[in-house]
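Engineer: This is the structure, below, for whatever I ask next.
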C-alpha cells in the first residue's frame with residue numbers, strides 16, 4: 004500500500020533502551036494524519052463511477068483493474084470512505100454465512116422486522132411503496148375493493164437482513180482514472196506540514 008509513502012515524516016523522541024540521549028529522535032510516518040476527499044467532490048458524480056465489488060475482490064485488485072497499479076488501493080479506500088477495512092468491505096458468501104450462523108444460530112430464519120410490499124391499484128397507480136418498516140398487522144384500504152383491507156407486509160428474517168447489509172457494501176463509488184493524478188497531488192499538498200526551513 005503506497006499510501007504510507009504519501010504521509011509526511013515526523014521526528015519522535017527515541018525511548019528505546021539503546022538510546023543514549025534525550026535528544027535522540029526516530030523518523031516515523033505520521034499515521035494519525037488522514038486526508039479526506041473534499042465534501043464538494045464527494046457529491047460530484049462526474050468525478051466518480053459506480054463500482055460493484057465482486058466476490059473475494061480486494062481494493063488492490065480493484066486499483067489494478069481501474070488504475071493499472073495495485074499500489075493505488077489507498078485511493079479506492081479513501082475515496083470510498085472505507086475507514087474500517089474489516090467492517091466496511093463486503094464479506095464473501097461463505098464468510099457471511101459463517102457470520103450469520105455464529106451470530107444467530109438457529110434463529111437465523113426468525114423474522115427480524117416487517118416491511119411493506121408495493122401496492123398498485125388496477126390502473127397501475129402507486130398506492131404504497133415497498134420497503135417501509137411497519138408492524139406485522141399493518142393494513143391499508145384495498146384500492147380496488149371498497150370496504151376491504153390489505154396487509155401488504157413481508158417478514159424479513161435475520162438472514163435476509165444481514166445479507167442486505169452486506170450487499171449494500173458491494174456498491175462503492177470509485178474515483179475516475181482521469182482524476183487520479185490530481186487526487187494524488189492534492190493528497191500530497193494536504194499532507195505537507197508547510198514548515199519553511
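In the numbering used here, the protein residues as written are 4 to 200.
All C-beta atoms in this analysis are idealised placements derived from N, C-alpha and C, irrespective of residue type, glycine included.
Using only CA atoms, which one of 166, 59, 175, 53 lies nearest to residue 115?
Structural biologist: Along the chain shown, read from residue 1 onward, the residue named residue 115 stands at position 112. The candidate whose alpha carbon is nearest that of residue 115 is 166.
Engineer: Only counting the same chain, and skipping five residues up and downstream in sequence, which positions put a Cβ closer than 6 angstroms to that of residue 189?
Structural biologist: Your numbering for residue 189 matches position 186 in the chain shown. Contacts found: none.
Engineer: Give the DSSP-derived three-state secondary structure of residue 78 in the structure shown.
Structural biologist: Stepping through the chain shown from its first residue, residue 78 is reached at position 75. Here residue 78 sits in helix by DSSP.
Engineer: Please say whether residue 156 and residue 119 have beta carbons closer to each other than 8 angstroms?
Structural biologist: The count along the chain shown starts at 1 and reaches residue 119 at position 116. The count along the chain shown starts at 1 and reaches residue 156 at position 153. Yes.
Engineer: Relative to the C-alpha of residue 145, which residue among 135, 83, 139, 129 is closest?
Structural biologist: For the purposes of this step, residue 145 is identified with residue 142 of the chain shown, where counting begins at 1. Considering only alpha carbons, the answer is 129.
Engineer: Just mark residue 186 as buried or exposed, buried being the case when its beta carbon has 16 or more other beta carbons within 10 Å.
Structural biologist: As a first step, residue 186 must be located in the chain shown, where it is residue number 183. Residue 186 comes out buried.
Engineer: Helix, strand or coil, according to DSSP, for residue 125 in the structure here?
Structural biologist: In the chain shown, residue 125 corresponds to position 122, counting from 1. Residue 125 falls in the coil class under three-state DSSP.
Engineer: So, helix, strand or coil for residue 172, using DSSP?
Structural biologist: As a position in the chain shown, residue 172 is number 169, starting the count at 1. Three-state DSSP puts residue 172 in a helix.
Engineer: Measuring only the C-alpha atoms, how far is residue 164 from residue 136?
Structural biologist: Taking the first residue of the chain shown as position 1, residue 164 is located at position 161. Taking the first residue of the chain shown as position 1, residue 136 is located at position 133. If I take the Cα positions, the gap works out to 12 angstroms.
Engineer: In whole angstroms, give me the CA-to-CA distance for residue 111 and residue 103.
Structural biologist: By 1-based counting over the chain shown, the position of residue 111 is 108. By 1-based counting over the chain shown, the position of residue 103 is 100. If I take the Cα positions, the gap works out to 7 angstroms.
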